[in-house]
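Numbering (the numbering used here), first residue to last: 187 to 867.
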């Protein structure tokens, strides 16, 4: 491995810069005891399990990184850039990047301190080293995942093949690119950022940058669109084989790099993209348009007939598979319900499918939970995991049209698929892949099986002081919300800020009304106010501030405590329901008690909560009936049912992800056998 003098000898002479390690070097923190001692790390690095070995090896490199950091801090900006160019030259010469870790990470640390004024923690460097080696890290909420990505992104950008830093929404991608861009530029690297509805020539420039920030969907859709351009003959003279041979022309319409389109990715909030989005394929459909009256006839007919269908008699709901199936009696009713005829009519089996979509629209898709109606009278899907609006996404196979018919808004024409890939299969195409999140360990084995990646838990920089209070069960939603309002009032009186997490837009607005009636000032953050997210979150940590939010406040946001709040007890988080996945609950709780700050969290549950549907529709209805009956019962005795329902929902979603992955894999194999592009229909 190269020594420090080798690097410094490449820096031009400067009488104002001292190349030697000064006697009074800039203060460098000692290696944190949170990462263990050298002796135990040596043993673990040799004999530990794969996921613990990576952390131990990373910890052993920290002293070397800190040594280089102290040396680079003595240089001026120009000399730092010169050292970066020297590393880049060696990397492009084919040298092993693993050998550069101490120098590259040390240089990145020095650049961060020069630009941002603070020093990365040891645990952040350890996380970066693990991600460089292609691992996933669980880094607790608030531990600085954005900063953890800088050093591995810099190191892997040196060969000039591009690095993609993926996050969960456009706002975070733009924020991170803008905040961290000056650090990369000091090191001589370029930074690009992808946003929705960006012109192709601007996208091409973003991908030509050394490091590109964007959402997982933008990277995936650009990959599919480039394949479609090759398949559809849109290359304007560029030969079909140019993408695979490295040849091309100035007229090549593709936006991603032609030689190494998928080189290395760092995925922020990896569980959201790998797990939550794993049930939703990336699909490019042909353009939609409003349906004509003739084209709407089937959807309107199904919407009219579905109101006569009764659960159990005419259809069955399979909660495990989220499917609806008509019974023989239901099919008979459909057959004799004056089905449409003419040019836009369908065969009976297709009509039955339309009816099943209509049943799903009424019995599984709920307004202001799964979607809302925009001011333009359009059905806008709400991401149930984050609460964010997804205006460019549509349900497939006629489901979107069934919901439009249900709501009485203009019906769009169902579009055909042009290209598709699952997140699972897309991310496995990267030459090297790393990721991080605060909640990865619950899906440890699935991540290993699907993505072939070990997950390593990184210690927190400071011990967590957050107090996790026990869940409280109430008989009805109304009594639960009354208790929530009472606790909010008590926290406000104590000078503490409160963040209240709700599952749906409806619930956030219902709670908002109760708070207004109680005279408690508050702000609401949901899919309707997502444009105000930055402003609302920035104020959420001030004394006495109350913020009611869907899960959109649980990803990538940092709630900073205002003056006097830490002394009062810190931020208090209230969860008004448990989510289908325990990871999402942990994300919400993790808003409090960040970086050693005080804080607390408590969940309020009721026997009318939607989660209990995981136990079966009939059981859910019976529990809700018991709750509404009231009486002197030990409501806490029902708490284990919520945990069981959550486990069942997690198992169901896991099956759905694996089924989708296998379906996509078989589809690709069939297209490949036919000599077609496996991603383009």
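Built from N, CA and C at the ideal position, the CB exists for glycine as well.
These numbers come from a predicted model, not from an experiment.
Inter-residue spacing [alpha-carbon to alpha-carbon] between residue 352 and residue 736: Residue 352 and residue 736 have their alpha carbons spaced roughly 23 Å apart.
Within a Cβ cutoff of 6 Å, which residues of the same chain sit near residue 326, ignoring the five residues on either side of it in sequence? Hits under 6 Å: 624, 646.
With H, G and I counted as helix, E and B as strand and the rest as coil, what does DSSP make of residue 652? Assignment of residue 652 by DSSP, reduced to helix, strand and coil, places it in the coil class.
Just to confirm, is the Cβ distance from residue 160 to residue 750 under 8 Å? In the structure as shown, the chain begins at 187 and stops at 867. Residue 160 is therefore absent and cannot be evaluated.
Backbone secondary structure at residue 642 - three-state DSSP: Strand, per DSSP.
Write down the C-beta distance between residue 446 and residue 438 rounded to the nearest angstrom, noting that I regard them as a contact closer than 8 Å. Contact between residue 446 and residue 438 does not hold, since the beta-carbon distance rounds to 15 Å and is not under 8 Å.
contact_flag[the region 585 to 601, the region 543 to 551] where n(CB pairs < 8 Å) is 3 or more: Contact holds between the region 585 to 601 and the region 543 to 551, because three or more Cβ pairs, one in each stretch, are under 8 Å apart.
Within a Cβ cutoff of 7 Å, which residues of the same chain sit near residue 208, ignoring the five residues on either side of it in sequence? Note that residue 208 scores a pLDDT of 33, beneath 50, so its modelled location is shaky; the value from the coordinates is reported in the next line. Contacts found: 260.
Nearest neighbour of residue 797, chosen from 782, 778, 821, 828 [CA to CA]: Residue nearest to residue 797 within the set 782, 778, 821, 828 is 828 (criterion: CA-CA distance).
What residues are listed by DSSP as bridge partners for residue 618? DSSP, once it has assigned bridges, lists 450 as partnering residue 618.
How would you call residue 822, buried or exposed, if buried means at least 16 neighbouring beta carbons within 10 angstroms? Around the beta carbon of residue 822, a 10 Å sphere encloses fewer than 16 other beta carbons of the protein chains shown; the residue is thus reported as exposed.
For residue 588, is the classification buried or exposed, using 16 other Cβ atoms within 10 angstroms of its Cβ as the cut-off for buried? The residue in question, residue 588, is buried, as its Cβ has 16 or more Cβ neighbours within 10 Å.
Residue of 233, 228, 850, 235 minimising C-alpha distance to residue 247: Ranked by Cα distance from residue 247, the options 233, 228, 850, 235 are led by 228.
If you draw a straight line from the C-alpha of residue 391 to the C-alpha of residue 370, how long is it? The alpha-carbon separation between residue 391 and residue 370 amounts to approximately 16 Å.
Cβ distance (whole Å) where residue 865 is taken to contact residue 361 below 8 Å: The Cβ separation is near 31 Å, so there is no contact.
Count the other C-beta atoms from every protein chain shown that fall within 10 angstroms of the C-beta of residue 820, then say buried if there are 16 or more, exposed otherwise. So residue 820 counts as exposed.
Between the C-alpha atoms of residue 795 and residue 649, what's the straight-line distance to the nearest angstrom? Annotation: residue 795 to residue 649 spans about 34 Å, alpha carbon to alpha carbon.
Which residues share a DSSP beta bridge with residue 576? Residue pairing by DSSP puts residue 576 in a beta bridge opposite 567.
Hey, which unbroken runs of the beta strand (DSSP E) at 3 residues or more fall wholly within the region 315 to 339? Within the region 315 to 339, the beta strand (DSSP E) runs of at least 3 residues that lie entirely inside it are, in chain order, 322 to 325.
Measure the CB-CB distance between residue 373 and residue 340 and report whether it falls below 8 Å. Yes.
How many angstroms separate the CA atom of residue 722 from the CA atom of residue 731? A direct Cα-to-Cα measurement between residue 722 and residue 731 gives close to 10 Å.
Given this structure, state the Cα-to-Cα distance separating residue 847 from residue 608, to the nearest angstrom. Distance between the alpha carbons of residue 847 and residue 608 is about 7 Å.
Along the chain, where does the beta strand (DSSP E) that runs through residue 786 open and close? For residue 786, the enclosing beta strand (DSSP E) begins and ends at 785 to 792.
Report all residues from its chain with a CB closer than 7 Å to the CB of residue 629; omit the five preceding and five following residues, and keep chain order. Hits under 7 Å: 457, 461.
May I ask you to report which of helix, strand or coil DSSP gives residue 397? Secondary structure of residue 397 (DSSP, three-state): strand.
Proximal residues to residue 884 (C-beta, below 6 Å), its chain only, five neighbours per side dropped: Residue 884 lies beyond the stretch modelled for the chain, which goes from 187 to 867, so this question has no answer here.
C-beta contact flag for residue 317 and residue 336 at 8 Å: For residue 317 and residue 336, no; Cβs fall outside 8 Å.
Please say whether residue 293 and residue 266 have beta carbons closer to each other than 8 Å? For residue 266 and residue 293, yes; Cβs fall inside 8 Å.
Nearest-angstrom Cβ-Cβ length linking residue 626 and residue 324, presumed shorter than 8 Å: With a Cβ gap of about 4 Å, residue 626 and residue 324 count as contacting.
Using the C-alpha atoms, what's the distance from residue 469 back to residue 860? Between the alpha carbons of residue 860 and residue 469 lies a gap of roughly 21 Å.
Given that a residue counts as buried once 16 or more other Cβ atoms are within 10 Å of its Cβ, and exposed if not, what is residue 631? With fewer than 16 other Cβ atoms within 10 Å, it is exposed.
Helix, strand or coil, according to DSSP, for residue 667 in the structure here? The answer is helix: DSSP assigns residue 667 an H, G or I state.
Straight-line CA distance for residue 363 to residue 307? Cα atoms of residue 363 and residue 307: separation of roughly 21 Å, rounded to the nearest angstrom.
Okay, do the region 511 to 522 and the region 562 to 569 touch, 3+ Cβ pairs below 8 Å being the bar? Taking a cut-off of 8 Å on C-beta distances, the region 511 to 522 does not touch the region 562 to 569, as fewer than three cross pairs fall below it.
According to the Cβ coordinates, are residue 314 and residue 449 closer than 8 Å? Not a contact, by the Cβ cut-off of 8 Å.
Could you spell out where the beta strand (DSSP E) holding residue 377 opens and where it closes? First-last of the beta strand (DSSP E) with residue 377: 377 to 379.
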